[in-house]
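Q:
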Amino acid sequence: MLQSLLYPIDSASRRTVSLNGMWGFQIDPASCGEQDGWTKKLPKADTLPVPASFADFYTDKAIREYCGDFWYEKDFYVPAEWNGKTVAVRFGSATHVAKVWCNGIEVATHEGGFLPFVADITDCAVYGGVNHIAIRINNELSETRMPVGATKTMPNGRKRATPYFDFYNYSGLHRNVFLMAMPKNRIDDYEVVHSLDGADANVSYKVATIGQGSVEVQLLDAEGNCVARANGSEGILHVENAKLWQVRNAYLYTIVIRLKNGDELIDEYREEIGIRTIEIKGTKILLNGKPVYLKGFGKHEDADIIGRGYSAAVIKRDFELMKWIGANSFRTSHYPYADEVYQMADREGFLVIDEVQAVGCFPSLMNFAEASSGKKVAFFAKETTPQLKEHHKNSIAEMIRRDKNHACVIAWSLLNEPDTSDETATPYFEEVFAYARDCDPQKRPRTFALIGNSSPSVCKCHQVADFLCLNRYYGWYILGGADIEEAEILFRKEMDGWKEVEPNKPIVFSEYGADTHSAIDKLPSVMWSESYQIEVLKMVESVFDSYDNVVGEQVWNFADFQTTEGIMRVDGNKKGIFTRQRQPKRAAFHLKERWESMPNVMDGE
Ligand code: GCB
1073 MLQSLLYPID
1083 SASRRTVSLN
1093 GMWGFQIDPA
1103 SCGEQDGWTK
1113 KLPKADTLPV
1123 PASFADFYTD
1133 KAIREYCGDF
1143 WYEKDFYVPA
1153 EWNGKTVAVR
1163 FGSATHVAKV
1173 WCNGIEVATH
1183 EGGFLPFVAD
1193 ITDCAVYGGV
1203 NHIAIRINNE
1213 LSETRMPVGA
1223 TKTMPNGRKR
1233 ATPYFDFYNY
1243 SGLHRNVFLM
1253 AMPKNRIDDY
1263 EVVHSLDGAD
1273 ANVSYKVATI
1283 GQGSVEVQLL
1293 DAEGNCVARA
1303 NGSEGILHVE
1313 NAKLWQVRNA
1323 YLYTIVIRLK
1333 NGDELIDEYR
1343 EEIGIRTIEI
1353 KGTKILLNGK
1363 PVYLKGFGKH
1373 EDADIIGRGY
1383 SAAVIKRDFE
1393 LMKWIGANSF
1403 RTSHYPYADE
1413 VYQMADREGF
1423 LVIDEVQAVG
1433 CFPSLMNFAE
1443 ASSGKKVAFF
1453 AKETTPQLKE
1463 HHKNSIAEMI
1473 RRDKNHACVI
1483 AWSLLNEPDT
1493 SDETATPYFE
1503 EVFAYARDCD
1513 PQKRPRTFAL
1523 IGNSSPSVCK
1533 CHQVADFLCL
1543 NRYYGWYILG
1553 GADIEEAEIL
1563 FRKEMDGWKE
1573 VEPNKPIVFS
1583 EYGADTHSAI
1593 DKLPSVMWSE
1603 SYQIEVLKMV
1613 ESVFDSYDNV
1623 VGEQVWNFAD
1633 FQTTEGIMRV
1643 DGNKKGIFTR
1653 QRQPKRAAFH
1663 LKERWESMPN
1673 VMDGE
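Numbering follows our numbering, with no gaps: position 458 of the sequence shown is 1530.
1) Determine contact between the stretch 1228-1240 and the stretch 1634-1641, defined as no fewer than three beta-carbon pairs at a distance below 8 Å.
2) Given 6 Å as the limit, tell me if D1238 has its C-beta closer than that to any heavy atom belonging to ligand 1.
3) Closer than 6 Å to a non-hydrogen atom of ligand 1 - does that hold for the CB of E1489?
4) At a cut-off of 6 Å, would you count N1525 as near ligand 1, judging by its Cβ distance to the nearest heavy atom?
5) Let me check understanding here. Comparing Cα to Cα, which of E1145, K1146, K1395, A1124 lies closest to R1136?
6) Beta carbon of E1137: closer than 6 Å to some heavy atom of ligand 1?
7) Report yes if the CB atom of I1482 is closer than 7 Å to the CB atom of L1423, and no otherwise.
8) Write down the C-beta distance between V1679 and I1579 rounded to the nearest angstrom, noting that I regard them as a contact closer than 8 Å.
9) Under a Cβ-count criterion, where at least 16 other Cβ atoms within 10 Å of its own Cβ denotes burial, should N1576 be classed as buried or exposed?
10) Can you list, in chain order, the residues of its chain with a C-beta nearer than 7 Å to that of C1480? Leave out the 5 residues immediately preceding and following it.
11) Once you ignore the five residues that flank T1349 on each side, which residues in its own chain have a CB closer than 8 Å to its CB?
12) Note the first and the last residue of the continuous beta strand (DSSP E) segment covering M1416.
13) Between K1461, Y1507, D1491, which has its C-alpha nearest I1472's C-alpha?
14) What is the residue span of the beta strand (DSSP E) that N1203 lies within?
15) Taking the C-alpha atoms as reference points, what is the distance between L1437 and A1222?
16) Quick one: Cα of E1178 to Cα of P1435, how far?
17) Starting from the Cα of A1206, find the closest Cα among G1176, R1230, Q1653 and give me that residue.
18) Answer with buried or exposed for L1595, where buried requires no fewer than 16 other C-beta atoms within 10 angstroms of its C-beta.
19) From the DSSP secondary-structure annotation, give me the bridge partner or partners of T1680.
20) Report yes or no: do the stretch 1283-1297 and the stretch 1116-1130 share at least 3 C-beta pairs separated by less than 8 Å?
21) In terms of DSSP beta bridges, what is C1541 paired with?
22) Could you have a look at W1110 and say whether DSSP puts it in helix, strand or coil?
23) If you count every other CB in all the chains shown that lies within 10 Å of the CB of T1588, and 16 or more means buried, which is it?
24) In this structure, does DSSP put P1458 in helix, strand or coil?
25) Taking the continuous beta strand (DSSP E) assigned at Q1626, which residues delimit it?
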C-alpha cells in the first residue's frame, strides 16, 4: 500500500511545522554510521542548510564530488497535545536512497530521489519533549535504479558517480521537510476527474479514508462561496456555469473534504483544484475541447550554490521569466519537481509534462551523445532490467499518486531518451505505459522523449505513446555551423518519415537548441555564439511551422545548468535561453517575439 502523499496543510484537524533550516551533516565513506550509532547522534557533524544540495557549499573538491552514504540530523520538539494523533515527518525528497531513524528507531526507507515520503514517528516520539531525527542517504548510481548510471571506485578508494545523463548528480535533502500531526482516523487521499456538460462541469471524486466516518465534500469558488457539495466517499460535484482552468488563464476552486462522526469533525483537508479536461484527438492535444499549442521549455531544478535545492525565490523568478517570454508550458525534465512547482503552475495556468526520473536508459556514459552515433546495445534486455523496471514502476506510481489532482499536469513522460532501437524494448514499454494508465484516474496522455537515433525507421516503441515528444539537435549535434542548411534538409526528411509512420499522432518538440556562451558573439555567427543560437532556433521553427502535426515546442533548456565536468561541457550545459543566473541571452528576445505572436489556443478548429 502506498503512503499518502497529500501535501501537508494546516486545517481544523491538522498541523504542520517546517523542519527547514540548519541540520547536522556528515559523510560516511566507510558506511559505518548505522552500526556505530550515528542514528542517535552524528559524531562530527557540520551544519548545513536544508533544503539544498550539499555539493556547492564547500571549497573542497572531494566533498563536492562525494559519492556514498551521508547523514543529516536534526532535533525538534513535539508538543504534548499531539499525543493521540498520527505524527510524521515528510521529506519532499532525498537523493537517491534513504533510511530514517527517530530517537534511534528505524521509521522509514525510500528509493528514488525526486519524490516525497513520510516517516511515521507516532510510536517513538517523545511528546512534550525534544526528539531527534537522523536520515542516511546514498547517492550512488547504478543500472537498477533511476536515474541510471554507474559508480566506480577510484585508485584512492573513493567512489565516484558516473551518470549516464547530462546533469550533475546533486544530492541531499533538496526539498521542504515538514513535521505533521494528523488525526489517527483521517483522509488518506482523494482523486478528481473532470467532465464538461455544456456550460456546467461534473467533478467526480473519490476519497480514501483511514478508519470509520462519513465523508462530506464541498467545492468553493475563488471567493469562498460553496458552489457544489456531495456526501459519501465517492460522488459527483455538479458545478453550474463552471469557470474552467484555461492555459495561462487559470481559475482555481478549493475542494474541502471533511471526515465526520455525526456532527463531530474528525479530519479536514482542503486543496486548490482547477477544472479542465485533457485529451488527444487525431493530431491535436485538446484542453477543454480546444487544441492547444505548447510553447516553453525543458527545465531543470538547478541554481547557483543551492544546486537542486528548493527555493521559492528561484521558482518565482522562473515563472516570471516564462510569463515574460510568452511561454505556456514546460516539461519537468528529467525528474518530478518539488510539489510547490506544480502548485505555482496550477495558479499560473502552465501546461506541464510531468516526467519521471527514467533517464540514462542507454548503456554508455554521456549517453545522450553516444546514442546519436547509432551505437546498438539492447539496454532493456540486461540482467538488471527486471529490478530496474520494478523501481521505474514504483516511481511512476508515486509520481502519479502525488500529482494526479494537479490541473497543470496534462501528460506523463515515462522516459527520457531511452534506447528504443531493439525489439526487446517493446514489451518493457508496453508494460510501463499500461501501468501508468492504470495508476491515473484522469487517464492523461502518456509519452516519452525520443532520442535522435529513435527515428521513424529505427524506433521500436513510438506506437505506445499517445503523442510523440522528439528531442532533436539538427544544427547542433547533427550538422552544425556552416552545415546548417543540410541539417534542415535532413530534419524535413525525418518529419516526412514520421508523417508516414505516425500520421495520426501529435508531435511536441521536447528538446532542440544549441550550446551558447552568453557574451560570445560573432558576425557572421559561429557555433557557441549568441547569434548562432538564434539561427538554430529560426531554422527548426521553420520546420515546425511546415507540419500541422507539430503541436508544441519546448526549447532546451530554460537556463544554463550544471553537469559533470568533461570535454563536452564548458562548466555545464549552456543551451539555456537564460543564464544560470536567470538573465536573458539574445535568443530570449527572439522567442518572446515568436511566442507572443502565437495563440495559446489554436483558432478555427
Ligand atoms: C538530450 C538530453 C538532455 C541533454 C541534452 C543536451 O537529449 O535529454 O538531458 O542535456 O540532450 O544538451 O545534449
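Quick reminder that beta carbons are idealized off the backbone N, C-alpha and C, glycines included.
No experiment lies behind these values; they were computed from the predicted model shown.
A: Let me spell this out:
1) yes
2) Working through the sequence shown from its first residue, we reach residue 1238 at position 166. At least one heavy atom of ligand 1 lies less than 6 Å from the C-beta of D1238.
3) In the sequence shown, the residue the question calls residue 1489 occupies position 417. Yes; taking the cut-off as 6 Å, the Cβ of E1489 has a heavy atom of ligand 1 nearer than that.
4) Your numbering for residue 1525 matches position 453 in the sequence shown. N1525 Cβ: outside cutoff for every heavy atom of ligand 1.
5) For this step, residue 1136 is matched to residue 64 along the sequence shown. Residue A1124 is the option with its Cα nearest to R1136.
6) Counted from its first residue, the sequence shown places residue 1137 at position 65. Result no, Cβ not under 6 Å from ligand 1.
7) Taking the first residue of the sequence shown as 1, we reach residue 1482 at position 410. Taking the first residue of the sequence shown as 1, we reach residue 1423 at position 351. Contact flag set, yes.
8) Nothing about residue 1679 can be reported from this structure: the residues present for the chain run from 1073 to 1677 only.
9) Translated into the one-based positions of the sequence shown, residue 1576 becomes position 504. N1576 is exposed by the Cβ-count criterion.
10) In the sequence shown, residue 1480 corresponds to position 408, counting from 1. Once the five neighbours on either side are set aside, the close Cβ partners of C1480 are Y1414, A1417, D1418, F1422, L1423, V1424.
11) As a working mapping, residue 1349 is identified with position 277 in the sequence shown. Annotation for T1349: H1266, S1267, L1268, L1358, L1359, N1360, G1361 place their beta carbon closer than 8 Å to its own, counting only its chain and skipping 5 residues before and after.
12) To locate residue 1416, count along the sequence shown from 1; it is residue 344. First-last for M1416: 1411-1420, but that is the alpha helix (DSSP H), not the beta strand (DSSP E).
13) For the purposes of this step, residue 1472 is taken as the residue at position 400 of the sequence shown. Of the candidates K1461, Y1507, D1491, the one whose C-alpha sits nearest the C-alpha of I1472 is Y1507.
14) Here residue 1203 is taken as the residue at index 131 of the sequence shown, counted from 1. Here the beta strand (DSSP E) through N1203 covers 1201-1210.
15) One-based indexing of the sequence shown puts residue 1437 at position 365. One-based indexing of the sequence shown puts residue 1222 at position 150. Residue placement at L1437 cannot be trusted, given a pLDDT of 45 that sits under 50; the coordinates are not used to answer.
16) Position 106 of the sequence shown, counted from the first residue, corresponds to residue 1178. Position 363 of the sequence shown, counted from the first residue, corresponds to residue 1435. C-alpha of E1178 to C-alpha of P1435: approximately 36 Å in a straight line.
17) Counted from its first residue, the sequence shown places residue 1206 at position 134. It is G1176.
18) Residue mapping note: residue 1595 aligns to position 523 of the sequence shown, counting from 1. That one is exposed.
19) Outside the displayed range of the chain (1073 to 1677) lies residue 1680, so it cannot be described from this structure.
20) Because the criterion of three Cβ pairs below 8 Å is not met, the stretch 1283-1297 and the stretch 1116-1130 do not touch.
21) The residue you call residue 1541 lines up with position 469 of the sequence shown. Answer by DSSP bridge pairing, in chain order: A1521, V1580.
22) The residue given as residue 1110 occupies position 38 in the sequence shown. Look at W1110 here: in three-state DSSP terms it is coil, with no helix or strand label.
23) Taking the sequence shown and counting its residues from 1, one reaches residue 1588 at position 516. With 16 or more other CB atoms across the displayed protein chains lying within 10 angstroms of its CB, T1588 is buried.
24) The residue given as residue 1458 occupies position 386 in the sequence shown. In the structure shown, P1458 sits in a helix (DSSP, three-state: H, G or I).
25) Your numbering for residue 1626 matches position 554 in the sequence shown. Run containing Q1626: 1622-1628, per the beta strand (DSSP E) assignment.
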